[in-house]
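Notes follow once the structure below has been shown.
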Amino acid sequence: MATHQIEPELLRAPPRQVRRREKIHLGLLLLGAGLFAVAAFIGFLAFVSVHSEAVRLHGKTIPCTIISREVETDSENNPQFYLVYSAIINGQERVAKDSVDETIYSFFNRKTPAQLKISPWFPGLNSVLVLPGQSRAPNFFYPAIGVLFFLGMTAFNIWFCWILPRIHRALVMKGIPVVATITNKTSHASEDTSGYALQYEYTPQTATASTSLETGELPAERISASYGVDFPKFRDTQIGDQFTVLYNPRKPRHNVIYALSDYVVAD
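Structure follows, in structure tokens:
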């Protein structure tokens, strides 16, 4: 098997001029925008839930009046009971309704005085009727799960849409090129998904002023890494194949496969 030769453009002294290998497809842009929209929607729901529970705990109590009662049916024809109330919030009358059980529904009549807890931070948002026999401790468990999910999705989006591409761009621009060798191929599959990865090894070279991000001696430690690929690339790659990786001499385990990177050295 012929020894792989590092691409000539990577032998230029850094920083190299780089460009995107291909323009970003509209589908990827829409996918990224969709993920951000989902994260924002979940974050909004989590905020509303947390705020609602906070109103139960720290809300300001004001008088209100029950002005009517309503009964609606859900998709399975089960009755849903509501009390419609009127309250003066910030000098303006606000009319809204709150879901109650049948016992509470029967307890209140039209024009019955009641009490309402309002938000001290956003008056009028997530107001809660104070109902007899329905006092309970605030439950932040599910809202907290929503907040954590929102933060996780946001971090995921920022990492894959913003941070990781810039890391790869910096590696192509300033990284040290070395030859890596495929040592293994792994795959996993389930009913809904499948994944493929190439495992490879490379040895960092001694850094020099003309080819590194910073000067200094680096130990010749053999480094193992893996990279997820699509099935055609997985199928066509054989154990023992060689290719170029670019690594950061300050953190030699940080690398990118040049042939699979979104960025290439500009002509």
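Okay, so the sequence shown: first residue is 66 according to our numbering, each after it adds one.
The beta-carbon is built from N, C-alpha and C at its ideal position, and this holds for glycine as well.
As the structure is a prediction and not an experimental result, all values here were calculated from the model.
In this chain, the alpha helix (DSSP H) harbouring L229 covers 229 to 239. In terms of Cβ geometry, T130 and Y150 form a close pair [threshold 8 angstroms]. Note: F146 is bridge-paired with V136, V165 in the DSSP secondary-structure output. Cβ-Cβ distances below 8 angstroms link R318 to I288, A290, Y312 in the same chain, with the five nearest sequence neighbours on each side left out; the list follows chain order. Rounded to whole angstroms, the separation of the alpha carbons of A105 and A98 is 10 angstroms. The Cβ neighbour count for T309, taken over all protein chains shown within 10 Å, is at least 16; the residue is labelled buried.
S164 and L196 have their C-alpha atoms roughly 11 angstroms apart. G240 is classed as buried because its beta carbon has at least 16 other beta carbons within 10 Å across all chains shown. By a beta-carbon distance limit of 8 angstroms, Y267 does not contact D295. Their separation comes to about 22 angstroms. Within a 10 Å sphere around the beta-carbon of P208 sit 16 or more other beta-carbons, which makes this residue buried. The straight-line gap separating the alpha-carbon atoms of P144 and T126 is approximately 29 angstroms. If you draw a straight line from the Cα of N320 to the Cα of F215, it is about 29 angstroms long.
Looking at the DSSP output, L181 shares a beta bridge with I127, L194.
In the DSSP assignment, R300 falls within the unbroken alpha helix (DSSP H) covering 296 to 301. If you look at N222, you'll find it in the alpha helix (DSSP H) that goes 206 to 223.
Burial state of S255 is exposed, judged by a 10 Å Cβ sphere holding fewer than 16 other Cβ atoms. For P188, the secondary structure class from DSSP, reduced to helix, strand or coil, is coil.
Restricting attention to P269, R121, E137, R84, the CA atom closest to the CA of A235 is found in R84.
Between R121 and K182, the C-beta gap is smaller than 8 angstroms, which places the two residues in contact.
When DSSP states are grouped into helix, strand and coil, I107 belongs to the helix group. A distance below 8 angstroms separates the beta carbons of V330 and Q82. The beta-bridge partner set that DSSP reports for K250 consists of L263. Contact check for V115 against V237 fails: the beta carbons are separated by 8 angstroms or more. For G293, the three-state secondary structure derived from DSSP is strand. Secondary structure of E158 (DSSP, three-state): strand. Sequence-distant partners of I132 (beyond 5 residues in either direction) whose C-beta falls short of 6 angstroms from its own C-beta, in its chain, are V149, S151. In the three-state scheme derived from DSSP, where H, G and I count as helix and E and B as strand, A245 is classed as strand.
Between T251 and Y265, the C-beta spacing is not below 8 angstroms.
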